[in-house]
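Trainee:
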Amino acid sequence: MFSDVKIGQNYTNDDLNIILKDIYNTNFFSNVSLEINNGILIIDVVENKIVQNIIINGIKKKDLVKDLKSRISSKDKNPFVENNIDNDISIIKKLLKSAGFYFSDVSARAVENTNNTVDLIFDLQLGGKAYIRSIEFIGDKYYKDRLLRNIIASEEAKFWKFISKKKYINKELIDLDQRLLKNFYLDRGHYQAKIVGNFVEFTDSNDFKLVYNINAGPKFTIDKTSLLLPIDYNEKDFIKIKKLLKKLEGKLYSINKLNKIAKEVEYLTTRNNYEFIDASFNEEINNENKLNLVFKIKEFDKKYLSKVNVLGNNITEEKVIRDNLEVDEGDPLNNILLTKSINNLKSLNIFGSVEYELITNINDENILNISVEEKPTGEIFAAAGTGTSGGTFGFGIKENNFLGKNIALETNLRMDEETVKGKFSVINPKWNYTDRSLIASFESSTTDRMGDYGYETSTTGFSFGSSWEQYDDLFFTPKIASSYEKLDTIQTASDKLKKQEGEYFDTKFSYGLILDKRNKRFQTTDGYASKFNQSIPLISEDYAFYNSYEYTTFN
7 MFSDVKIGQN YTNDDLNIIL KDIYNTNFFS NVSLEINNGI LIIDVVENKI
57 VQNIIINGIK KKDLVKDLKS RISSKDKNPF VENNIDNDIS IIKKLLKSAG
107 FYFSDVSARA VENTNNTVDL IFDLQLGGKA YIRSIEFIGD KYYKDRLLRN
157 IIASEEAKFW KFISKKKYIN KELIDLDQRL LKNFYLDRGH YQAKIVGNFV
207 EFTDSNDFKL VYNINAGPKF TIDKTSLLLP IDYNEKDFIK IKKLLKKLEG
257 KLYSINKLNK IAKEVEYLTT RNNYEFIDAS FNEEINNENK LNLVFKIKEF
307 DKKYLSKVNV LGNNITEEKV IRDNLEVDEG DPLNNILLTK SINNLKSLNI
357 FGSVEYELIT NINDENILNI SVEEKPTGEI FAAAGTGTSG GTFGFGIKEN
407 NFLGKNIALE TNLRMDEETV KGKFSVINPK WNYTDRSLIA SFESSTTDRM
457 GDYGYETSTT GFSFGSSWEQ YDDLFFTPKI ASSYEKLDTI QTASDKLKKQ
507 EGEYFDTKFS YGLILDKRNK RFQTTDGYAS KFNQSIPLIS EDYAFYNSYE
557 YTTFN
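Going from the sequence shown to the working numbering is simple: count from 1 and add 6.
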C-alpha cells in the first residue's frame with residue numbers, strides 16, 4: 007500500500023532504499039526494516055502513535071491558537087512524529103514574533119494516553135510585546151528619514167496603529183527593510199550603496215529604537231553599454247535588447263531598468279527558441295561617477311528538469327504554487343525562468359519565505375525542491391472619526407489566501423448617522439488556469455434622510471470583471487455591473503426629489519486600456535502611465551456614455 011511493491015519483480019539495493027524512504031515518508035512508522043529471504047520481501051515496521059489532541063497553553067486568544075495549529079505540521083488524529091516537534095516549535099516562535107512577542111519561549115511535551123495515543127502539548131511563555139518606538143537612519147544616507155521610513159516595511163508604534171503587526175521588532179521584517187533600502191538606492195543611481203547594518207536599542211520606556219546604518223555613496227551615470235552574444239546567435243533577435251541598452255547611456259544607473267532588460271531575455275527563451283541561455287550584467291567603473299555596462303548572454307549545458315517537489319505548504323494548495331512556476335517537469339532547466347518562478351512565488355505575498363534547492367541524483371536527473379513557509383494572510387481593520395456631519399465608524403476583514411487557493415476576499419462595513427454601506431469582493435488572480443484575474447463584488451447601501459430632507463434611498467449592486475496583460479505593458483480591464491436603486495419620499499421632500507421617486511435598474515459595460523511604462527509599481531521614479539476608460543450603458547434610464555483619459559509622467 008505504501009511501498010508500491012509488485013510481486014514477481016526483481017529489486018536491487020537501490021530499489022529497496024527507495025521503498026524504505028517511501029515508507030518512512032508516510033510518517034506512519036517510527037522504524038522500518040527490509041529483508042529479502044528466499045525471494046520473499048519482509049517488511050518489519052514499528053507504528054507511530056496517533057496524536058489524540060494538540061494543546062497550546064499560554065494563549066488566551068482562540069483565533070491565535072487556531073492559527074498556530076493550522077501552521078504546524080503536527081495535527082490532531084495524525085501520526086506522532088517526534089522529528090517534527092523542533093520544526094513546529096520554530097514555526098510557533100516565528101509566528102509569535104510576527105505578532106510582537108519577540109521574547110517568547112516555547113517548549114513541547116508528549117503525554118501518553120491509555121489508548122496508545124499521545125497528547126502533544128506546547129507550553130508558551132509570551133513575555134512582553136516588542137514595540138518599535140522610533141526608527142532612525144544614520145551614516146551617509148543622502149535622503150531624509152521621512153522618505154526612508156516610507157520605503158521600509160517596519161513602522162513606528164503609534165496609538166492609531168492598534169491593528170498593524172509592523173510596529174513590532176521582527177527579524178524577517180528587518181531583513182525585508184534592508185532589501186527595500188538597498189533596491190531604493192540602486193534604483194536612484196547609487197551603484198555602490200551599502201546598508202552597513204542595523205541595530206536595536208532598548209529604551210527607558212521598555213520599547214525599542216530601530217537604527218539602520220547606510221552608506222549611499224555617489225550617484226553613477228551609465229557611460230557606454232554593450233551586448234555580448236555567442237558567435238552562432240542571430241543578432242536580429244536581440245535588436246530590442248540593444249535599443250533598450252542604448253537608451254540607458256547618459257542616464258542614472260537604475261536596477262529596475264536593468265531588470266526590465268532581463269525580462270526581455272525571458273521572452274526570448276519562449277518566443278525565439280533560446281531555451282538554454284543565461285544572462286548577466288557586468289559593471290565597470292571607468293571614470294569618476296561613471297560606469298560601463300556589459301550585458302552578457304551565454305548558453306549553458308542542455309539539461310532538463312526531471313521532477314519538482316513542493317514542501318512546507320500546509321495551507322496553500324500545491325496547484326497554486328505550480329501555476330506560478332515558469333518551469334515544469336520535462337522543461338529545459340533554464341536559470342532565468344527558474345529565478346522568475348521563485349520571484350513569482352515571493353510576489354504572491356502569502357509566504358513568509360521561499361527557498362529552492364536544485365539537486366542531481368545518481369541517475370543524473372535534475373530535481374527541484376521548493377520549500378515555502380506559510381505566513382498569516384488575514385487582516386482586520388477598523389476606523390472611527392468625527393466631524394461636522396457627525397461620527398463615522400468602519401470595520402473590515404481581508405483574507406489574501408482563502409482556503410489556500412490564493413483567492414483574495416474582502417468585506418467592509420461603514421456607518422454614520424445617516425448611511426450604512428457594505429461591500430464584499432473576491433479576486434481570483436489565476437481564473438480558469440489562465441493569467442487572467444476574475445474580480446467580483448457585491449455592495450449595498452442605505453441613506454436615511456427622512457427626518458431632515460424627507461427621503462430615503464437604497465442601492466444594491468454587483469459586478470463581474472477581469473484584467474490581463476494583452477501585450478507588453480498594455481493591460482485590458484473589462485467589467486459589467488448592474489445596480490438596483492430605490493428612492494422613497496414623504497411630504498417634506500423637495501418637488502425635485504418627489505419627481506424622482508421610484509425604482510431604477512441599470513446595467514453598464516465598462517473597460518479600461520492601461521499602458522504602464524513605469525519603472526516600478528510602488529514609489530515610481532521614472533516612466534509614465536496612460537489610462538483610457540469608457541462606460542457604455544446597456545440598460546439605463548439615462549443612456550449616457552462616460553469617457554475618461556488620464557496621463558501621468560514620473561521623473
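Note that CB positions come from ideal geometry on N, CA and C, so glycine has one too.
According to the Cβ coordinates, are residue 486 and residue 470 closer than 8 Å?
Mentor: For residue 486 and residue 470, yes; Cβs fall inside 8 Å.
Trainee: Among 518, 145, 174, whose alpha-carbon lies nearest the alpha-carbon of residue 218?
Mentor: Out of 518, 145, 174, 145 has the C-alpha closest to the C-alpha of residue 218.
Trainee: Measuring only between beta-carbons, confirm whether residue 386 sits less than 8 Å from chain E.
Mentor: In the structure shown, chain E cannot be found, because there is only a single protein chain.
Trainee: State yes or no: is the C-beta of residue 287 within less than 8 Å of the C-beta of residue 251?
Mentor: Against a cut-off of 8 Å, the Cβ pair of residue 251 and residue 287 comes out as no contact.
Trainee: Cutting at 6 Å between CB atoms, please list the residues of its own chain near residue 384, excluding the five before and the five after it.
Mentor: Here the set comprises 405.
Trainee: I'd like the span of the alpha helix (DSSP H) that includes residue 104, first residue to last.
Mentor: From DSSP, the alpha helix (DSSP H) with residue 104 extends over 91-104.
Trainee: Which class does residue 268 belong to by DSSP, given the choice of helix, strand or coil?
Mentor: Looking at residue 268 - three-state DSSP - the assignment turns out to be helix.
Trainee: For residue 492, which residues of its own chain have a beta-carbon under 6 Å away from its beta-carbon, when the five flanking residues on both sides are left out?
Mentor: So the list reads 464, 509, once near-sequence residues are dropped.
Trainee: If residue 57 sits next to residue 27, beta carbons under 8 Å apart, how far is it from one beta carbon to the other, in whole angstroms?
Mentor: With a Cβ gap of about 23 Å, residue 57 and residue 27 do not count as contacting.
Trainee: Counting C-beta neighbours from all protein chains within 10 Å, is the total for residue 202 16 or more, i.e. buried, or is it exposed?
Mentor: Label assigned to residue 202: exposed.
Trainee: For residue 209 and residue 155, which I take to be in contact (beta-carbon distance under 8 Å), what is that distance rounded to the nearest angstrom?
Mentor: Rounded, the Cβ-Cβ distance is 18 Å, inconsistent with contact.
Trainee: Using only the alpha-carbon positions, how far apart do residue 116 and residue 124 sit?
Mentor: Each residue's alpha carbon lies about 6 Å from the other.
Trainee: Going by Cα to Cα distance, which pick from 180, 183, 141, 179 is closest to residue 163?
Mentor: Closest by alpha carbon: 141.
Trainee: If you draw a straight line from the alpha carbon of residue 538 to that of residue 419, how long is it in whole angstroms?
Mentor: Cα-Cα distance, rounded: 30 Å.
Trainee: Might you give, ordered along the chain, the residues of its own chain that have their beta carbon closer than 8 Å to the beta carbon of residue 517, omitting 5 neighbours on each side?
Mentor: Excluding sequence neighbours, residue 517 sits near 482, 483, 484, 485, 539, 540.
Trainee: Check whether the stretch 168-180 and the stretch 190-198 are in contact - that is, three or more C-beta pairs closer than 8 Å.
Mentor: The stretch 168-180, when compared against the stretch 190-198, does not touch it at the 8 Å Cβ threshold.
Trainee: Apart from the five residues just before and just after residue 107, which ones in its own chain have a Cβ nearer than 7 Å to its Cβ?
Mentor: Within the same chain, residue 107 has close Cβ partners 132, 133, 135.
Trainee: Considering only their Cβ atoms, is the gap separating residue 411 from residue 326 smaller than 8 Å?
Mentor: For residue 326 and residue 411, yes; Cβs fall inside 8 Å.
Trainee: Considering only the alpha carbon of each residue, which of 435, 92, 236, 272 lies closest to residue 306?
Mentor: When each option's Cα is compared against that of residue 306, the closest is 236.
Trainee: May I have the straight-line CA-CA distance separating residue 39 from residue 49, to the nearest angstrom?
Mentor: Roughly 6 Å separates the two Cα atoms.
Trainee: For residue 563, which of helix, strand or coil comes out of DSSP?
Mentor: Outside the modelled stretch of the chain, which goes from 7 to 561, sits residue 563, for which no answer is possible.
Trainee: So, using beta-carbon positions, are residue 442 and residue 474 closer together than 8 Å?
Mentor: Going by C-beta atoms, residue 442 is nearer than 8 Å to residue 474.
Trainee: If contacts are defined as beta-carbon pairs under 8 Å, then residue 63 and residue 79 qualify, I think. What distance do you get, rounded to the angstrom?
Mentor: Actually they are not in contact, since the Cβ atoms of residue 63 and residue 79 sit about 19 Å apart, beyond 8 Å.
Trainee: Assign residue 195 to one of three DSSP states: helix, strand, or coil.
Mentor: Coil.
Trainee: Quick one: what does DSSP say residue 518 is sitting in, helix, strand or coil?
Mentor: In this structure, residue 518 counts as strand in the three-state DSSP scheme.
Trainee: For residue 299, does the count of other Cβ atoms within 10 angstroms reach 16, so buried, or fall short, so exposed?
Mentor: When all chains shown are included, residue 299 counts as buried.
Trainee: Cα-Cα, which of 37, 149, 59 is closest to residue 119?
Mentor: The option with the nearest alpha carbon to residue 119 is 59.
Trainee: Indicate the three-state DSSP secondary structure (helix, strand or coil) for residue 247 in the structure shown.
Mentor: DSSP places residue 247 in helix when its eight states are reduced to three.
Trainee: Where do the N-terminal and C-terminal ends of the beta strand (DSSP E) with residue 288 fall, by residue?
Mentor: Residue 288 -> beta strand (DSSP E) spans 283-293.
Trainee: Taking just the CA atoms, how far does residue 432 sit from residue 354?
Mentor: Using only the alpha carbons, I get a separation of about 16 Å.
Trainee: Straight-line CA distance for residue 206 to residue 92?
Mentor: Going from the Cα of residue 206 to the Cα of residue 92 covers about 27 Å.
Trainee: Could you check how far apart the C-beta atoms of residue 429 and residue 417 are, in whole angstroms? I think they sit under 8 Å.
Mentor: The Cβ separation is near 7 Å, so the contact holds.
Trainee: Here's the rule: buried if 16 or more other CB atoms are within 10 angstroms of the residue's CB, otherwise exposed. What is residue 313?
Mentor: That one is exposed.
Trainee: According to DSSP, simplified to helix, strand and coil, what is residue 441?
Mentor: Residue 441: coil per DSSP, three-state reduction.
Trainee: When you compare the CB positions of residue 271 and residue 291, do they come within less than 8 Å of one another, or not?
Mentor: Going by C-beta atoms, residue 271 is not nearer than 8 Å to residue 291.
Trainee: Report the residue from 109, 338, 213, 198 whose alpha carbon sits nearest the alpha carbon of residue 221.
Mentor: The candidate whose alpha carbon is nearest that of residue 221 is 198.
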